[in-house]
Amino acid sequence: MSTDGTLLELKSISKSFGAVEVLRRVNLAVRDGEFMTVLGPSGSGKTTILRMIGGFAAPSSGDILLDARSILGMPINRRPFNTVFQDYALFPHMTVAQNVGYGLTVRGVPRAEVRRQVAEAIELVQLGELAGRLPAQLSGGQRQRVALARAMICQPRLILLDEPLAALDVELRKQMRLFLKNIQREIKTTFLFVTHDQEEAIAMADRICVINYGRILQLGTPHEVYYRPNSEFVARFFGDNNLIEGRLVDGDGAKRRIETPIGTLVCAIDGQPDVASAENGRRAFAVIRPESVAFNRANAAENTATGIIAAVSFGGATTVTEVRIDGADHALGMRVMTPSRVEGAALAPGERVSLAWSAAECRLVLA
Amino acid sequence: MIGSRATTALLIAVTAIVFVILYGPIVVPIASSFFVVKHGAVSWDQPSLAAYGALIGNESVLEALRNTMIVGLAAVAGAMVLGTLLAFHYNAGRSKAREILQFVVFLPFLMPPIITGLSLLIFFREIEFDRSLVTVIIGHTVFVLALVYRTVLVRLQSLSRSLVEASYDLGASGFQTFRYVLLPNLSSAMSGAAVLAFALSFDETMITILVTGTDNTLPIRLWAMMRLGFSPDINALVALILLFTTALCLLAARLTLPITRTERSGTAGRRP
Amino acid sequence: MSAGEGAAAGWSGDTLPPATAEARLWRPAIAVLAYGLPLAFIVVPLVAFLAYSFFSVEGGQMRFDLTLLNYRRFFTDEIFLPVFWRTGLLCLEVAALAIGFGYPVAYLLTTLEGRKRYVLAILLVIPLLMSYVIKIYAIRSILGGNGFLNKALLAIGLIDQPLTFFVFNLNAVLLALTALLIPFAILPIFLSLERIPRSLLDASADLGASGAQTFARVILPLSLPGVVAAATFVFVLAIGDFLTPQMVGGNSGFTFGRIIYSQFGTAFNWPFGAALSVILAAVVMAVIAFGALFGGRRSKSP
Chain Y
1 MSTDGTLLEL KSISKSFGAV EVLRRVNLAV RDGEFMTVLG PSGSGKTTIL
51 RMIGGFAAPS SGDILLDARS ILGMPINRRP FNTVFQDYAL FPHMTVAQNV
101 GYGLTVRGVP RAEVRRQVAE AIELVQLGEL AGRLPAQLSG GQRQRVALAR
151 AMICQPRLIL LDEPLAALDV ELRKQMRLFL KNIQREIKTT FLFVTHDQEE
201 AIAMADRICV INYGRILQLG TPHEVYYRPN SEFVARFFGD NNLIEGRLVD
251 GDGAKRRIET PIGTLVCAID GQPDVASAEN GRRAFAVIRP ESVAFNRANA
301 AENTATGIIA AVSFGGATTV TEVRIDGADH ALGMRVMTPS RVEGAALAPG
351 ERVSLAWSAA ECRLVLA
Chain P
1 MIGSRATTAL LIAVTAIVFV ILYGPIVVPI ASSFFVVKHG AVSWDQPSLA
51 AYGALIGNES VLEALRNTMI VGLAAVAGAM VLGTLLAFHY NAGRSKAREI
101 LQFVVFLPFL MPPIITGLSL LIFFREIEFD RSLVTVIIGH TVFVLALVYR
151 TVLVRLQSLS RSLVEASYDL GASGFQTFRY VLLPNLSSAM SGAAVLAFAL
201 SFDETMITIL VTGTDNTLPI RLWAMMRLGF SPDINALVAL ILLFTTALCL
251 LAARLTLPIT RTERSGTAGR RP
Chain C
1 MSAGEGAAAG WSGDTLPPAT AEARLWRPAI AVLAYGLPLA FIVVPLVAFL
51 AYSFFSVEGG QMRFDLTLLN YRRFFTDEIF LPVFWRTGLL CLEVAALAIG
101 FGYPVAYLLT TLEGRKRYVL AILLVIPLLM SYVIKIYAIR SILGGNGFLN
151 KALLAIGLID QPLTFFVFNL NAVLLALTAL LIPFAILPIF LSLERIPRSL
201 LDASADLGAS GAQTFARVIL PLSLPGVVAA ATFVFVLAIG DFLTPQMVGG
251 NSGFTFGRII YSQFGTAFNW PFGAALSVIL AAVVMAVIAF GALFGGRRSK
301 SP
């Protein structure tokens, strides 16, 4: 491990399959002991990153460093990483115990020792009584845990997880998120988790790396990525954001105004030199989270808008209200999310409302 | 399928005729094996197992049988090793060379045996390699190679790629991966192919006639005897051969068909 | 390895990089065997064989100068080309007969379910497991003067004297090959019949077509790829068989295969035999390609 706690570093990694460029000069540093999630839509290149770290594919250019030493030429079976595959890749002809113990067996660990460690690992993933079963006899969630135990038992420096929860149903997925997070904390191994599900990423990651079209767009904690997206893509990716297009006008260092169809909005600039230095008239978006908008509190706020309620959707714990804003020449709507009430929504379609949000809750990203 | 009574009757009639055509040549020799045969005429009123007894004493036939077994086992062994090797090589990647190689492997099986036989005959003559059981073994190996190759390849391709990747990922060497992960999943296909290949080699006549030296395999011996006429114990031999090859084929079917269901949960491990 | 140097050591995206340390050793060795052995025992013999077709024999000795003599002889000499056509025609007839018998059987097979189908299929395969030489011998005796066929026809009263019509001539070859190859016609036809979705038949009936119409307009056209495959299969097997004609053809049943065979036996003109075989191989490949073209063209399914 190098002095700053970096375990693994991708340096300027590019990958092309024929004419298709899948990764473009990706730089990424994974810290020892963290749970990092690589998040992106299909085709973004996230799985390719994983496969290159694991050794299943070679980069077209660039380098991969472990403890500051290149591992590019290292074959798969020598790399100190283990992978949890998307289809789990459990050996169908071996029992759970044999699957889990495989990594030790091929290393020549004595049988008694293998048995002991396997028992421990199986306990850790709570699959105690199933040690003698075949994969075909297990449920999806159970297979997943076997794959995890198998990857953990060799005590790798890094565990790579390739969308492991994709095949599970919603409830099970939520349970497994917690389970994986807890295990990671307990064994303190670095996890690199690839997914396209942003809820999953936010729930589990210490840091999220958002990727699209082979480029890393943003790297930060879930909180940062969620509340302070630095690009239109990231802002849109975390669903439900209100993005209002406009043109930048003047501002001081801490705030900047943007002219939009619904009026001039005041947004806070938070560590965004590109936004701060962009010229006036530049196209940009004001990003407002639906839960940051309040109804009918116009007097106290820096940003306001008025409009008519178009629809109210009950979503369980929260209710989403769609409002059509006055003053926009084409239909411009904003989404407002509020906690649901037992008595039902306070507002109904057709009613007139005013919306308010502060500058701090209004973020700018360049178009 | 749609059909009236008349249609079904017609179909059954034709099928019956086909059965007569197919089984006619079989039934007569086999039935005759259970009766006394004098001067080529079967005495249907005198059942006897004399033919089977005489068979045991027939030296030339037994020797030919022994040669057939040697050729069969050797050819199958060779085809298994080479066929498996080729299947792995083909599966390991994509290239024009691989496609051409596969085509070459299929040729001896697809082309009329006379061509395979003649080309080997010319080849052996040019490199001054005497014709013998060895040349027969080579001929049979080349012939059944395509069958073994294809069977193993199909099974290999059906195994999820991520199984091999997982094995490497967990630290296994190539050999360990083959031994612990691939072989167990390929074994039933391989044994089925081996048995079927043996059955094919057992009865192979055309290539053998062309590339054999002085040694006879069973089909060659029978072919030679056709000129001279058959002794009654040949009927017994025929019956036994039929029994043997039928058993082989049933065994082959039994071995290849039950496939262990490989991991299939959610999306299969394809690359993005 | 310093950073950047190890990058992409020449691996294309098409093959996996050596996944294990020993793979670097084994890979080339396996490649050598994989390419080397087939090269030695399949490609080289075929090349030698092809080369031979351009040599000639003079005064009992081989002459290794290249010449088109053999090919010219095939086309100009009045024996060979006619025999070739006749053999081709014969094999087409065999294919036609085999399909004629095989189609109804394949059809019957599709109407059966489960156990019955399984048993019938096995019964159709078993004759193939019989010793080839003995089968032909038995067919010959059946077709012969004292054989079963004549006895049966006599008994029915169709003829009053045993016919020599059936044996030791081309008819015998035709009948023998057909009897041998019917099972090979059944399988491809069966497979293509099986592929026809039941819903199409139901739709046809629903629209008012009779059984015969449905067969003629829906089933038959959709099963054509299988029929073509069967024809190709049987034709190639028939034209390559030189032993059956040898056994049942007698002196008047000369097929192309027998002529080729005799070049390597009594006639002792290997180059000429090679040339004739090359022509045979070319025809076979053309037929296979033709069959693949037609058979492979899937009927557009809904």
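Protein chains in written order, with the numbering used here: chain Y, 1 to 367; chain P, 1 to 272; chain C, 1 to 302. Just so it is clear, CB atoms sit at the ideal spot from N, CA and C, and this is done for glycine as well. Small disclaimer: the values here were computed from a predicted structure and weren't measured.
When the Cα atoms are used, what is the spatial distance from Y:Arg-115 to P:Gly-192? Here residue 115 of chain Y is taken as the residue at index 115 of the first sequence, counted from 1. Here residue 192 of chain P is taken as the residue at index 192 of the second sequence, counted from 1. Those two C-alpha atoms are separated by around 35 angstroms.
Classify P:Ser-160: buried if its beta carbon has 16 or more other beta carbons within 10 angstroms, exposed otherwise. Stepping through the second sequence from its first residue, residue 160 of chain P is reached at position 160. It is buried - the Cβ of P:Ser-160 has at least 16 other Cβ atoms within 10 Å.
Count the other CB atoms, across all protein chains shown, that sit within 10 Å of the CB of P:Ile-241; report buried if there are 16 or more and exposed otherwise. Start at 1 with the first residue of the second sequence, and residue 241 of chain P comes out as number 241. Counting the other Cβ atoms within 10 Å of the Cβ of P:Ile-241 gives 16 or more, which makes it buried.
Helix, strand or coil at Y:Val-342 [DSSP, three-state]: Along the first sequence, one-based indexing puts residue 342 of chain Y at 342. DSSP places Y:Val-342 in coil when its eight states are reduced to three.
Given a cut-off of 8 angstroms on the beta-carbon distance, is the pair C:Ser-192 and C:Pro-221 in contact? Here residue 192 of chain C refers to the residue found at position 192 of the third sequence. Here residue 221 of chain C refers to the residue found at position 221 of the third sequence. Their beta carbons are not under 8 angstroms apart, which means C:Ser-192 does not touch C:Pro-221 by this criterion.
For a quick check, are the C-beta atoms of Y:Gly-327 and Y:Gly-246 less than 8 angstroms apart? Your numbering for residue 327 of chain Y matches position 327 in the first sequence. Your numbering for residue 246 of chain Y matches position 246 in the first sequence. In this structure, Y:Gly-246 does not lie closer than 8 angstroms to Y:Gly-327 by Cβ.
Any heavy atom of the ligand SAM closer than 7 angstroms to the Cβ of Y:Ile-202? In the structure on display, the ligand SAM does not appear, and there are no ligands present to speak of.
Helix, strand or coil at C:Leu-66 [DSSP, three-state]: One-based indexing of the third sequence puts residue 66 of chain C at position 66. In the structure shown, C:Leu-66 sits in coil (DSSP, three-state: anything other than H, G, I, E or B).
Near-chain Y residues of the segment 155-189 of chain P - C-beta to any C-beta below 8 angstroms: The residues in question are Ser-160, Ser-162, Leu-163, Glu-165, Ala-166, Ser-167, Tyr-168, Asp-169, Leu-170, Gly-171, Ala-172, Ser-173, Gln-176, Tyr-180, Val-181, Pro-184, Asn-185.
Whole-angstrom C-beta distance between C:Phe-235 and C:Ile-260, which should lie under 8 angstroms: In the third sequence, the residue the question calls residue 260 of chain C occupies position 260. In the third sequence, the residue the question calls residue 235 of chain C occupies position 235. Contact between C:Ile-260 and C:Phe-235 is ruled out by a C-beta separation of about 17 angstroms, above the 8 angstroms threshold.
Contact criterion: CB-CB distance below 8 angstroms. Does P:Glu-263 meet it with respect to chain C? Position 263 of the second sequence, counting from 1, holds the residue named residue 263 of chain P. Annotation note: pLDDT 34 at P:Glu-263 (below 50); position unreliable, no value reported.
Please list the partners that P:Tyr-52 has in chain C, where partner means a Cβ-to-Cβ separation under 8 angstroms. Counted from its first residue, the second sequence places residue 52 of chain P at position 52. Those do not exist, as P:Tyr-52 stays about 16 angstroms from chain C at its closest Cβ, beyond 8 angstroms.
Among C:Gly-273, C:Asn-269, C:Asn-70, which has the Cα closest to the Cα of C:Gln-61? Position 61 of the third sequence holds residue 61 of chain C. Among C:Gly-273, C:Asn-269, C:Asn-70, the Cα nearest to that of C:Gln-61 belongs to C:Asn-269.
Leaving out the 5 sequence neighbours to the left and right, which residues in its chain are closer than 7 angstroms to P:Ala-13 when beta-carbon positions are compared? As a first step, residue 13 of chain P is located in the second sequence; it is residue number 13 there, counting from the start. Cβ neighbours of P:Ala-13 within its own chain (closer than 7 angstroms, five residues either side excluded): none.
Rounding to the nearest angstrom, what Cα-Cα distance links Y:Val-38 and Y:Val-336 in this structure? Taking the first sequence and counting its residues from 1, the one referred to as residue 38 of chain Y is at position 38. Taking the first sequence and counting its residues from 1, the one referred to as residue 336 of chain Y is at position 336. Approximately 29 angstroms, taken between the alpha carbons.
Which residue's Cα is closest to the Cα of C:Phe-101: P:Asn-58, P:Ile-21, P:Val-164? Taking the third sequence and counting its residues from 1, one reaches residue 101 of chain C at position 101. Measuring from the Cα of C:Phe-101, the nearest candidate turns out to be P:Ile-21.
Measuring CA to CA, which of C:Phe-54, C:Pro-183, C:Ala-286 is closest to C:Ala-98? Position 98 of the third sequence, counted from the first residue, corresponds to residue 98 of chain C. Considering only C:Phe-54, C:Pro-183, C:Ala-286, the residue with the shortest C-alpha distance to C:Ala-98 is C:Pro-183.
Complete alpha helix (DSSP H) runs within the segment 78-129 of chain P (minimum length 4 residues, chain order): DSSP runs (the alpha helix (DSSP H)) wholly in the segment 78-129 of chain P: 96-110, 113-126.
Quick check on the DSSP output: the beta strand (DSSP E) that includes Y:Asn-99 runs from which residue to which? Along the first sequence, one-based indexing puts residue 99 of chain Y at 99. No beta strand (DSSP E) holds Y:Asn-99; the alpha helix (DSSP H) holding it covers 96-105.
Using 8 angstroms as the limit for Cβ to Cβ distance, is C:Pro-45 near chain P? Your numbering for residue 45 of chain C matches position 45 in the third sequence. Interface flag for C:Pro-45 against chain P is set, since a Cβ pair is found closer than 8 angstroms.
Note down, in chain order, all residues in the segment 27-45 of chain C with a beta-carbon under 8 angstroms from any beta-carbon belonging to chain P. When CB distances to chain P are screened at a threshold of 8 angstroms, the residues of the segment 27-45 of chain C falling below it are Ile-30, Ala-31, Leu-33, Ala-34, Tyr-35, Leu-37, Pro-38, Leu-39, Phe-41, Ile-42, Val-43, Val-44, Pro-45, in chain order.
Along the segment 86-98 of chain Y, where does the CB come closer than 7 angstroms to a CB of chain P? Name the residues. Cβ contacts with chain P: Gln-86, Asp-87, Tyr-88, Ala-89, Leu-90, Phe-91, Pro-92, His-93.
Give a yes or no on whether 8 angstroms exceeds the smallest Cβ distance from Y:Arg-107 to chain P. As a first step, residue 107 of chain Y is located in the first sequence; it is residue number 107 there, counting from the start. So, interface residue.
Is it buried or exposed, P:Ser-60, if we count other Cβ atoms within 10 angstroms and call 16 or more buried? For this step, residue 60 of chain P is matched to residue 60 along the second sequence. P:Ser-60 should be labelled exposed.
Taking the Cβ atom as the reference point for each residue, do Y:Gln-144 and Y:Pro-164 lie within a distance shorter than 8 angstroms? Stepping through the first sequence from its first residue, residue 144 of chain Y is reached at position 144. Stepping through the first sequence from its first residue, residue 164 of chain Y is reached at position 164. One thing to note: Y:Gln-144 has its Cβ within 8 angstroms of the Cβ of Y:Pro-164.
Determine the closest residue to C:Phe-49 out of C:Phe-64, C:Gly-59, C:Gly-36, C:Tyr-35, with distance taken between C-alpha atoms. In the third sequence, the residue the question calls residue 49 of chain C occupies position 49. Selection C:Phe-64, C:Gly-59, C:Gly-36, C:Tyr-35 evaluated against C:Phe-49 yields C:Phe-64 as nearest (Cα-Cα).
Quick one: residues in its chain with C-beta nearer than 8 angstroms to the C-beta of Y:Arg-257, no 5 flanking neighbours on either side, listed in chain order? The count along the first sequence starts at 1 and reaches residue 257 of chain Y at position 257. Non-local C-beta neighbours of Y:Arg-257 in its own chain, meaning closer than 8 angstroms and more than five positions away in sequence, comprise Leu-248, Val-249, Asp-250, Gly-251, Thr-264, Leu-265, Val-266, Cys-267, ordered along the chain.
Length at least 3, wholly inside the segment 151-229 of chain Y: the beta strand (DSSP E) runs in chain order: Correct list: 158-162, 190-195, 207-212, 215-220.
Where does the unbroken alpha helix (DSSP H) through C:Leu-174 begin, and where does it stop? Taking the third sequence and counting its residues from 1, one reaches residue 174 of chain C at position 174. Start and end: 170-195.
Quick check on P:Gln-157: buried or exposed, where buried means 16 or more other Cβ atoms within 10 Å of its Cβ? To locate residue 157 of chain P, count along the second sequence from 1; it is residue 157. Under this definition P:Gln-157 is an exposed residue.
Would you call the CB atoms of P:Ala-75 and P:Ile-122 closer than 8 angstroms? Indexing the second sequence from 1 puts residue 75 of chain P at position 75. Indexing the second sequence from 1 puts residue 122 of chain P at position 122. At the C-beta level, P:Ala-75 and P:Ile-122 stay beyond 8 angstroms of one another.
Using a Cβ-Cβ cut-off of 8 angstroms, state whether Y:Arg-372 counts as contacting chain P. Residue 372 of chain Y lies beyond the range of chain Y shown here (1 to 367); nothing can be said about it.
Taking contact to mean at least 3 C-beta pairs separated by less than 8 angstroms, is the segment 143-162 of chain Y in contact with the segment 105-122 of chain Y? Counting Cβ pairs under 8 angstroms, three or more are found: they touch.
Would P:Ser-43 pass as a contact of P:Phe-34 if the rule is Cβ separation under 8 angstroms? For the purposes of this step, residue 43 of chain P is taken as the residue at position 43 of the second sequence. For the purposes of this step, residue 34 of chain P is taken as the residue at position 34 of the second sequence. Between P:Ser-43 and P:Phe-34, the C-beta gap is not smaller than 8 angstroms, which leaves the two residues out of contact.
Neighbourhood of P:Leu-65 by C-beta, 7 angstroms cutoff - its chain only, sequence neighbours within 5 removed: Mapped onto the second sequence, residue 65 of chain P falls at position 65. Sequence-distant partners of P:Leu-65 (beyond 5 residues in either direction) whose C-beta falls short of 7 angstroms from its own C-beta, in its chain, are Leu-218.
Simplified DSSP state of P:Gln-46, which is helix, strand or coil: The sequence position of residue 46 of chain P within the second sequence is 46, counting from 1. Three-state DSSP puts P:Gln-46 in a strand.
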